[in-house]
Amino acid sequence: MKIMVAVKRVIDYAVKIRVKSDKTGVEMNNVKMSMNPFCEIALEEALRIKEAGFATEVIAVSMGPSQCIDTLRTGLAMGADRAIHVDTSTSSSSSSATTTLNPLSVAKLLKKLVDLEKPGLLILGKQAIDDDCNQTGQMVAGLLKWPQGTFASKVILDKEKQVATVEREVDGGLETLCLDLPAVITTDLRLNQPRYATLPNIMKAKSKVIKKVTLEELGVEIKPDLEIVQVTEPPKRKAGVIVSSVDELIDKLKNEAHVI
Amino acid sequence: MASLMILKSLKKQRSFSSLSPITSSISRFVSTLILGEHEGGQLKQSSLCAVAAAGAISADNSISLLLAGSGPSLQQAASHAASIHPSISQVLVADSDKLSHPLAEPWAELVRLVQQKGRYSHIIAASSSFGKNTLPRAAALLDVSPITDVIEISGPQLFVRPIYAGNALSTVRYTGVDPCLLTIRSTSFPVPHISSDSKSDAAPVSQVDLSTFSEDILDKSRYLKLTSQDTERPDLGSARIVVTGGRGLKSAENFKLMEKLAEKLGAAVGATRAAVDAGFVPNELQVGQTGKIVAPELYMAFGVSGAIQHLAGMRDSKVIVAVNKDADSPIFQVADYGLVADLFDVIPELLEKLPEKK
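Right, dumping it as structure tokens:
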């Protein structure tokens with residue numbers, strides 16, 4: 017069985033983002049970029065499943081401009097066997113230099129790649145920390161008509177029965193589902209602790225294959241049905257006060273804020 | 122409450138005059154389907170928030186509520202929903218064994234089926250784990266882009282949602298075909314308190330015809346169990362006061378202090394990721410970008426540093442109190458009242474001096 021893992025290149029989670037003054041978006045120039053943390057967890061899980069003998073190959077895929085190759089190299093250094101880069105920068109219909117992909121388009125592209133590669137499991141992060149959408153996994157599962165195990169905190173595969181038992185983080189606690197393979201799984205933070213790529217593995221990753229495909233080759237038409245009107249900073253909170261004692265705190269809460 | 126009255130009168134107006142001035146001024150007819158969640162024969166509060174959001178799309182909005190499940194608790198929830206909110210004009214009930222657990226696979230099929238018949242302009246669910254799981258799948262089946270975690274509705278096609286862990290707000294216009302699918306952040310659409318007898322005439326309840334329910338996908342996922350923490354305290358998502366502990370509490374044992382404080386205040390207990398990862402508390406208490414989003418009247422953070430990911434989950438609280446030993450903690454930049462002190466001194470003192478709740 018092959019496992020396909022979708023990874024996204026996003027602004028590093030520790031960076032304090034800046035909104036552009038013309039309100040068109042967030043400043044991306046000279047900002048540290050990394051693999052989305054949830055995608056790292058997805059890749060780690062795929063590698064563990066392979067190491068446990070349930071899978072033969074782990075394929076990392078990423079979509080976007082050419083810099084996504086760096087993200088894929090990171091994935092290869094962690095242990096993915098090969099990678100596919102869906103290049104959106106060379107799109108012939110380049111109205112703008114960067115074709116922005118929304119989750120629906122990513123899901124359609126992923127479906128195409130799944131049709132070509134035929135993995136038994138597709139693992140994604142539960143959300144990207146930039147757009148915070150939390151949609152792609154569910155959408156590709158819907159398009160493929162595969163069952164979905166979202167927000168997974170535990171995945172157990174049964175090779176014999178070809179099922180995955182998935183423990184999910186839901187509002188009231190933990191829910192356990194049993195999914196027939198092939199299936200789509202999206203990862204929550206608690207699923208695992210991703211490994212670091214060691215130097216020898218980083219060196220080895222340089223010789224692994226990253227296959228480049230274009231939107232045209234996949235035959236998926238990107239038609240955005242969402243337009244970003246503006247991006248603004250959230251309203252600032254007014255400056256607070258530092259109180260000196262518990263008595264003062266209780267007094268303020270009672271007589272100034274009227275919340276207790 | 123006033124807006125509800127207006128809604129009600131507008132609805133009456135429409136039923137009496139065939140061409141209401143309001144409908145003609147809007148280019149298209151707005152009708153909304155809400156994916157309702159129910160528990161123990163009651164409609165969940167978050168689904169009522171979705172009704173409030175539907176009211177914000179257009180005053181002249183025909184709102185249908187879809188409930189699914191099986192057996193008597195579903196029927197009970199349906200009759201509860203029919204009379205709980207004056208702007209719900211119809212309750213649709215899908216009763217099937219396949220829907221007895223809120224799985225995304227049958228639910229997404231159900232939404233497609235109901236949309237085929239109802240031709241709604243909008244479909245809304247709360248941004249709960251159910252809504253986030255189900256709505257994008259339904260959107261893919263309908264070939265439209267959904268919009269996650271809407272916090273403000275500026276027009277029938279214009280929405281505001283947070284991105285980058287709430288560090289930026291994005292205004293998006295939906296330019297696709299109907300329906301427009303949204304999940305809404307419940308804390309941004311509060312529901313005025315409505316007593317269940319405020320409406321004398323209950324909305325009609327009708328059964329969804331499931332004879333064409335496509336079943337080929339439905340057996341591919343099976344529900345096994347739900348393990349939940351039983352708690353008598355208010356629900357974290359809707360509590361008026363939330364007390365949260367971070368890594369500073371040092372142990373699960375010490376976290377009991379938070380529970381005592383919560384009891385005294387009638388508050389819900391929250392936690393940071395650090396506290397959850399260290400095993401102090403179960404993960405459903407996590408507040409933040411990847412956990413629950415809360416916006417209570419009072420949020421008290423003890424031993425919480427205030428990482429970006431945590432602030433994302435609580436920055437819309439009305440009053441924020443921070444207690445931390447480290448005066449340089451980022452949490453103090455968002456706190457209305459800060460106290461630089463050892464929480465192990467502060468909490469016992471608070472327990473002693475806080476007024477008894479009525």
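As they're listed, the protein sequences go chains C and S.
For the record, in the first sequence the residue sitting at position 52 is 68 according to the numbering used here, with numbers rising by one throughout.
For the record, in the second sequence the residue sitting at position 52 is 173 according to the numbering used here, with numbers rising by one throughout.
All C-beta atoms in this analysis are idealised placements derived from N, C-alpha and C, irrespective of residue type, glycine included.
Euclidean distance between Cα positions of residue i and residue j
i	j	result
S:D449	C:G165	41 angstroms
C:T87	C:P53	12 angstroms
C:C84	S:D322	58 angstroms
S:S130	S:V172	In this prediction, S:S130 has a pLDDT of 48, which is less than 50 and means its spatial position is unreliable; what the coordinates show is noted afterwards. Whole-angstrom Cα-Cα distance: 17 angstroms.
C:I218	C:M51	15 angstroms
S:G387	S:Y285	32 angstroms
C:K175	C:V275	56 angstroms
C:R64	S:A202	46 angstroms
S:A229	S:G459	46 angstroms
S:S266	S:D216	28 angstroms
C:K170	S:F150	45 angstroms
S:A246	C:P250	24 angstroms
7 angstroms Cβ cutoff, residue i in contact with chain S
i	result
C:S109	Any answer about C:S109 is weak, because its pLDDT of 45 lies below 50 and its placement is not dependable; what the coordinates show is given next. Not an interface residue.
C:T248	yes
C:K48	no
C:A113	For C:A113, the predicted model reports a pLDDT of 39, less than 50, meaning its position is unreliable; a value from the coordinates is still stated below. For C:A113, the answer is no, since every Cβ of chain S falls outside 7 angstroms of its Cβ.
C:Q164	yes
C:K161	yes
C:Q151	yes
C:Q154	yes
C:R64	no
C:R253	yes
Contacts of residue i in chain C (Cβ-Cβ under 9 angstroms)
i	result
S:E336	Those within 9 angstroms of S:E336 in chain C number zero; the least Cβ separation is about 12 angstroms.
S:Y458	G256, V257, I258, V259, E264, L265, K268, L269, E272 and A273
S:Y344	E191, T192, L193 and C194
S:L471	V262, L265 and I266
Short CB-CB distance (under 7 angstroms) between residue i and chain C
i	result
S:V467	yes
S:A261	yes
S:S242	no
S:N288	yes
S:N254	yes
S:K446	no
S:V440	yes
S:V312	no
S:E374	no
S:V455	yes
S:L220	no
S:L419	yes
S:K341	yes
S:A388	no
S:E226	yes
Under 7 angstroms by beta carbon: chain C residues contacting residue i
i	result
S:V293	L242, E243, I244 and V245
S:S349	G188 and G189
S:G161	Here the premise fails: no neighbours, minimum Cβ distance about 12 angstroms.
S:N404	E185 and R206
S:G297	D241
S:K381	In chain order: nothing, as chain C lies at least about 15 angstroms away.
S:A174	Simply none; closest approach about 18 angstroms.
S:A229	G158
7 angstroms Cβ cut-off: residues of chain S touching residue i
i	result
C:A157	R258
C:R211	Near C:R211 there are no residues of chain S at all, since even the closest Cβ is about 17 angstroms away, more than 7 angstroms.
C:F167	S250
C:A123	A261
Where residue i meets chain C, residues with beta-carbon distance less than 8 angstroms
i	result
S:Y285	I27, I33, V42, I145, D146 and D148
S:Q410	I145 and D148
S:D463	Under the 8 angstroms cutoff, chain C gives no residues; its nearest Cβ is about 11 angstroms from S:D463.
For residue j and residue i, believed in contact at Cβ under 8 angstroms, the rounded distance
i	j	result
S:K295	C:L242	The question names Lys, but residue 295 of chain S in the sequence shown is Tyr. Contact flag correct, Cβ pair sits at about 6 angstroms.
C:A93	C:I19	Not a contact, Cβ separation roughly 17 angstroms.
C:V247	S:S291	5 angstroms
S:G434	S:G409	4 angstroms
S:A383	S:A389	7 angstroms
Residue i CB to nearest heavy atom of the ligand GTP below 6 angstroms
i	result
C:I100	Ligands displayed in this structure: none; no statement on the ligand GTP is therefore possible.
9 angstroms Cβ cut-off: residues of chain S touching residue i
i	result
C:N118	S266
C:I276	I362, L386, L419, L475, P476 and K478
Contact with chain A by residue i, beta-carbon distance below 7 angstroms
i	result
S:T269	No chain A is present in this structure, whose protein chains are C and S.
Uninterrupted beta strand (DSSP E) stretches inside the segment 220-303 of chain S (no shorter than 3 residues): 243-247, 268-271, 273-276, 279-284 and 289-295
Runs of alpha helix (DSSP H) lying entirely within the segment 342-377 of chain S, each at least 4 residues, in chain order: none
What residue ranges within the segment 156-243 of chain C form continuous beta strand (DSSP E) runs of no fewer than 3 residues, ordered along the chain? 164-174, 179-186, 189-196, 199-203 and 226-230
If we require 4 or more residues per run, which alpha helix (DSSP H) segments fall completely within the segment 401-436 of chain S? Counting whole runs of 4 or more residues, the segment 401-436 of chain S contains the alpha helix (DSSP H) stretches 429-432.
As an exercise, report each continuous beta strand (DSSP E) stretch of at least 3 residues that is fully enclosed by the segment 23-77 of chain C, in chain order. Segments of the beta strand (DSSP E) lying fully in the segment 23-77 of chain C: 25-27 and 49-51.
In chain order, which beta strand (DSSP E) runs of at least 3 residues are fully inside the segment 97-156 of chain C? 98-103 and 137-141
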